Structure formats: structure tokens, C-alpha cells
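Peer 1:
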Amino acid sequence: MTWSDDMTLSQNVRVVNGGSLSFVNSQMDIANGVEIYVDQTSSLTIENSGLSAMQPPSGLAGFGYCDEGNRSAVLASSSSNQNIRMYVRPIQGFTLDGVVAHFGNETKDLSGDEDFIPLGNGPVDTWVGLTGPQCHPISLSEISVDREGQERVWADAADFSHRNMMVNGAPGFTIEIDGSMHADSSSIFGGRVSSSGVLRINDTTLDRVGPILLTSNGAEINLGGDSRFSNSTDDHDIRAGAYSSINWGDDVVGSGGLTDKWERRLAGQSLTFDAMFVTYEISGMHRFPSYSNFSNEVGVSFIDGGRERVVEIAWSEDNTWEESDVWSEEAVVTITDYRTAWNPEQSGIGDYGGGQFQLSWDSEVVVESGTPMVSWVGLVVVDEEGVLSEATVGDSVNVEAEILNSGTAAASLALNCEDVSTNTTAQISPSFPNSIIGPGEKVKMYFSWRVSVPGEDSISCRILTPTQLVDEFAFGGGQRHSQNSVNWAIVDDDEGFTMIPALIVLAISASVGGYFLLSIYNEREEELDE
């Protein structure tokens, strides 16, 4: 669909289902609150046309500077030869209390909901500087420059020439692009443009439009020709996601002054650890020289509570305060305390987490470096000849446990074992076999095992994992049954059992023989007595 007539647009417009809408050689006056929406499959073209808000943002707001070179100022002009005053009103909800006006070599304290600055006899063409209390940003809604005693004629503050100030107020209309928009040799005034799709803007003026919002990392804006921003409503002309694509042509002009070309912002960024209560410090962010925090009970820590932060600034063309044209965050994360049961201080193993790493702009940064990852290689009952299959109840046998650490940090770990047949704690020595396993190493641990009841049995061992982990198996681990079972038997000694009856017979014979010998001895004693 193509609209090529001058008209007033008072209803919302939706371009959907692969449709296209073109404004060609037309002037559109757009009523307050109208929305033009283009879905992912559709397109909007603005060619040699103008889209103007009937109620554009109309106030002014300062940046919060007090020095003469950067403080807010408005140009008061009058051709009258009489005594001239500039009357000012603040934006609704604010007052002029504490505001100081600077004009020529004079100053005046302002207050209330309306006040004036005396400029003397005209004609005048004077920049009036304004500073807020403690350099707080000032705001203006309306201004009137009149002869003293004349009925005041108020005009929107944004209609006056100004410096070091940005336009303030709600947009008069909105253009939301999920698909694509192409503007060429056109103008957009007083509306807000946001996009998760593609914007191509050439030889087009954007007055009271900035910042254009790129609402997704996949959004793209291409500015070319003599495109020009002016009077953006924030301190930058484009606000983008961390990975949005911005192509700013060589001849494109920004709002200038204290208004930068673009900002990239990142919100809700988190660090995710395998353990709780990991502490870290970040240096190199825009707002903070240093920031520290720790992971919560699920191992997550939101940087600055997940609040939005600036990660890149393309400075204003009038920049005199920075050496480079673009500042990009290159923050560094330093792990200050990442201890678990596998790397206590006395173990000699350092903090997990890799020490330091550069913070990316990803929404979630998973900290996986500098941690162990252990797994079973084997568990077998052995003797001098190899795999053991039989043993005597009560005797101790040797068990060989082999474990691999494929991670990038050492681990000091221990085992806990059970008899498979009874699911009870195994009789092993030491009670908790343990070892330090370096990164990329295999370690064999040996311990003894015995049982108290006959029968076939095997042993099962579990790698004990740190309680600080949010997932028990984040560093690996697991349970392993021995590769072989052992038949435990009680000793059956036939020779020992056959000797017992013989000894009993011998004892009985000795007793009987002794009895007869004692009887014979007694008879001889009686004969001698006779």
C-alpha cells in the first residue's frame, strides 16, 4: 500500500502478514499516541516524506553540570528596545527552588513554579545559563521572553535555541519495527522509533526522535548519507543492545554537545557458578571502579542486581573529554573465594574458577574454567595374580579404584563404599580412601576390604562430592560397582576334624588304663599288709 497525499493520521496502523506500507511524497501529521507497527514479515518505506507529531515532546532538561562550558543554557532573543524579561516555568512536578540563572556577569536565584530573569533594555540576544541545586539537572516546560508589563506569551521550552540540554517529554507517536523500515530523503519529528528488526535511514532528519531504540541483539541500524539527529530526549542518539548492529556513516551527524552518538546497554547479566557462596570482584565497568558480589544458593549472581548498565559509548562529535571515539567495556572478573570440600585451603589447591577472566557481554556467563571433572575408570578386587574371585571370610582383600580428572583443576576427594549384597557400609581400610587428583590425571587408590558372612558379594563405591555444589554431579563423581564379584567361603579343614575323634579315643583309653593300674597297685598293697 502506498500513501502519497498530505494527511492527518489519527488511528493506529498495523503492517502485518508480509505486507508493506509506503509513504511517498507526502506529509503526515500524526495525532498524539498513534502507533505504527510493522511485524517481522513486513516493511515500512518513507520516501521523500515527512512524519510529524502534532504533540511532540516539548520540555527541556539539563545534564547536571555547573561549569560554564557545560552548564545548561537557553538563548533569549528580543528586538524590543524596552526592558526585557525571560520568564520560565519548570516541568510539572518540579520547582525552580535552588536554581541559579547566569546572564552576562550577573546571577539570580530562582524559586517557585514561575520566575523571571531580568535582561535589561533590548534588543537582546543573550544566553541564559541555568544550574540546579548541587548541580542537579534543571528542567523547563515553558518560556516567555517579553517586555516588562506585557502580557506573557508562553512557548514550549524545546522551541528555543538551547545548548547542553535535551528535549524532555513523551513521544507524540511511536514507530515499532519488528520487520524492516527504509527512510530516504525524509524527516521524522517528535516520534519514537524502536526496532528489533532492520532500519535503513539515508539523507533523513531525525528531530526529537532519538534515542532510536534497538530492542534486541539481532536488531540492526544503517545510517547513511546526510542523515542528522537533533534534540534527542536522552544523552545519546541510539540505544542498542550489547550485540545490536550499528553502522554510522561518515557524513551522518549526531545531536552533538553532551549527547553521544550511541550507547550499548546490558540488563539482567548474571554469573553462574557450580557452587554457592563463590565471591568475586569486577573491575573496568562504566559506573563502578570496582564491584563485588557472591553466588546465591543456586549458584547465580546477578551483576549489580541485574540492573541495566552501559557497556559501550560512542562519544559525541563535540567530545573533548575522551581520547578515543568509542569506549567499550573490558571488565575483568577476579575470583576471590571459590572453595569447596575438594579444594580446602589446607589441601594446597587454589581457588576454583580460573583466577581471572574477561567479562563478556552475554546475558548469562557460565564460569566453568578452573574446575575439576572426575569420573570412574575402574573398580576391581585384586590379588598378586590379578583379578580375585575367591576369598576367605574374615580375611582382607585388596581393592583398586581408578579415577580420572578430565577438568582443569585438581581435586582432593574421598570414597565411600558398600557391600552390594546387603547395601550396608563396607568394612574397608582406610574408612574413606582418598587422594588428590591433578587436572588431566588418572589416579589409582588401593584399600582393603573384608566381609563377615559367606557367599558371593561385590563392592560398590561412591565418590563423595562437595556439599557446596548446587548440582551434586557438577564436578562429576558417581557410583561404581566392582567389575568382579568375590565368593567368600569359610575354611573346611578335613584333617583337623579327623584328629578330634582319635584324641577322644586316646583320652578314654588312658583313663581306662589308669583305672586298671590303680586297681593292681591297691591289691598289692593289701597283700603286703597281710
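Under our numbering, think of the first position of the sequence shown as 149, with each following residue one higher.
All C-beta atoms in this analysis are idealised placements derived from N, C-alpha and C, irrespective of residue type, glycine included.
Every value quoted in this text rests on a predicted model; they were computed, and no experiment measured them.
In whole angstroms, what is the alpha-carbon distance linking Val163 and Ser191?
Peer 2: Between Val163 and Ser191, the C-alpha separation is close to 7 Å.
Peer 1: Contact between the region 330 to 344 and the region 393 to 400 is defined here as three or more beta-carbon pairs at a separation below 8 Å; is this criterion met?
Peer 2: These segments do not touch.
Peer 1: Does the beta carbon of Met424 fall short of 7 Å from some heavy atom of the ligand PLP?
Peer 2: The ligand PLP is not part of the structure shown, which contains no ligands of any sort.
Peer 1: Quick check: Ile323 and Gly339, are their CB atoms within less than 8 Å of each other?
Peer 2: Cβ atoms of Ile323 and Gly339: closer than 8 Å.
Peer 1: According to the neighbour-count rule (16 or more other Cβ atoms, all chains shown, within 10 Å of its Cβ), is Arg435 buried or exposed?
Peer 2: That one is exposed.
Peer 1: The beta strand (DSSP E) with Cys565 in it runs from where to where?
Peer 2: Segment 559 to 567, the beta strand (DSSP E) holding Cys565.
Peer 1: On the DSSP letters alone, give me the boundaries of the beta strand (DSSP E) that Arg412 sits inside.
Peer 2: From DSSP, the beta strand (DSSP E) with Arg412 extends over 408 to 414.
Peer 1: Alpha carbon to alpha carbon, what distance is there between Ser152 and Thr468?
Peer 2: Looking at the two C-alpha atoms, the distance is approximately 44 Å.
Peer 1: Less than 8 Å between the CB atoms is what I'm expecting for Leu552 and Pro581, so what's the real figure, rounded?
Peer 2: About 16 Å separates the two Cβ atoms, so there is no contact after all.
Peer 1: Could you tell me which residues DSSP puts in a beta bridge with Ser342?
Peer 2: Beta-bridge pairing links Ser342 to Glu324, Leu361.
Peer 1: Do Met176 and Ser206 have their CB atoms nearer than 8 Å?
Peer 2: In this structure, Ser206 does not lie closer than 8 Å to Met176 by Cβ.
Peer 1: Does the region 232 to 248 come within contact of the region 177 to 191, defined as at least 3 CB pairs closer than 8 Å?
Peer 2: With the cut-off at 8 Å, the region 232 to 248 and the region 177 to 191 do not touch.
Peer 1: Could you give the distance in angstroms between the alpha-carbon of Gln298 and the alpha-carbon of Arg233?
Peer 2: Their Cα atoms are separated by approximately 10 Å.
Peer 1: If you check the beta carbons only, do Val683 and Thr381 fall under 8 Å apart?
Peer 2: Nothing about residue 683 can be read from this structure; the chain reaches only from 149 to 678.
Peer 1: If Thr189 sits next to Gly212, beta carbons under 8 Å apart, how far is it from one beta carbon to the other, in whole angstroms?
Peer 2: With 8 Å as the limit, Thr189 and Gly212 do not qualify as a contact, their Cβ atoms being about 44 Å apart.
Peer 1: Considering Cα atoms alone, identify which of Leu536, Pro437, Ser342, Leu561 is closest to Trp636.
Peer 2: The shortest C-alpha separation from Trp636 is found at Leu536.
Peer 1: In chain order, what residues of the same chain have a beta carbon less than 6 Å from the beta carbon of Leu507, not counting five sequence neighbours either side?
Peer 2: Ala479, Val481.
Peer 1: Is Gln240 helix, strand or coil by DSSP?
Peer 2: If DSSP states are grouped into helix, strand and coil, Gln240 belongs with coil.
Peer 1: Suppose the cutoff is 6 Å on Cβ atoms and the five residues either side in sequence are ignored; what does the same chain contact list for Gly372 look like?
Peer 2: Correct list, in chain order: Asn350, Gly397.
Peer 1: Would you mind reading off the limits of the beta strand (DSSP E) that contains Asn395?
Peer 2: Element bounds for Asn395: 393 to 396.
Peer 1: Just how far apart, CA to CA, sit Asp307 and Phe321?
Peer 2: In a straight line, the C-alpha of Asp307 is about 18 Å away from that of Phe321.
Peer 1: Please report the residue range of the beta strand (DSSP E) in which Gln631 lies.
Peer 2: Careful: Gln631 lies outside any beta strand (DSSP E) and carries neither H nor E.
Peer 1: So, helix, strand or coil for Glu493, using DSSP?
Peer 2: Looking at Glu493 - three-state DSSP - the assignment turns out to be helix.
Peer 1: If you run the structure through DSSP and keep just helix, strand and coil, what is Gly625?
Peer 2: Here Gly625 sits in coil by DSSP.
Peer 1: Measuring CB to CB, does Leu278 end up less than 8 Å from Ile286?
Peer 2: It is a contact, given that the beta carbons lie within the stated cut-off.
Peer 1: In three-state terms, what does DSSP make of Asn670?
Peer 2: For Asn670, the predicted structure reports a pLDDT of 43, less than 50, and the residue's modelled location is therefore unreliable. A value from the coordinates is still provided. Note: Asn670 maps to helix in three-state DSSP.
Peer 1: Please say whether Ala558 and Ile497 have beta carbons closer to each other than 8 Å?
Peer 2: Cβ atoms of Ile497 and Ala558: closer than 8 Å.
Peer 1: From what residue to what residue does the beta strand (DSSP E) around Ile551 run?
Peer 2: Its beta strand (DSSP E) spans residues 545 to 553.
Peer 1: Taking the alpha carbon of Val514 as the reference point, which residue from Glu566, Phe421, Ser228, Ala388 has its own alpha carbon closest?
Peer 2: Minimum Cα distance to Val514 is reached at Phe421.
Peer 1: Using the rule of at least 16 other Cβ atoms within 10 Å of the residue's Cβ for burial, across every protein chain shown, is Pro520 buried or exposed?
Peer 2: With 16 or more other Cβ atoms within 10 Å, it is buried.
Peer 1: With 16 other CB atoms within 10 Å as the buried threshold, where does Thr352 fall?
Peer 2: So Thr352 counts as buried.
Peer 1: Nearest-angstrom Cα distance between Met202 and Thr156?
Peer 2: So the alpha carbons of these two residues sit roughly 9 Å apart.
Peer 1: Please classify Pro205: does DSSP put it in a helix, a strand, or coil?
Peer 2: Here Pro205 sits in coil by DSSP.
Peer 1: To the nearest angstrom, how far is the alpha carbon of Val525 from that of Lys590?
Peer 2: Taking the straight line from one Cα to the other gives about 8 Å.
Peer 1: When burial is assigned at 16 or more other CB atoms within 10 Å of the CB, is Met593 buried or exposed?
Peer 2: Classification for Met593: buried.
Peer 1: By how many angstroms is the C-alpha of Val276 removed from the C-alpha of Arg413?
Peer 2: When rounded, the distance between both Cα atoms is 34 Å.
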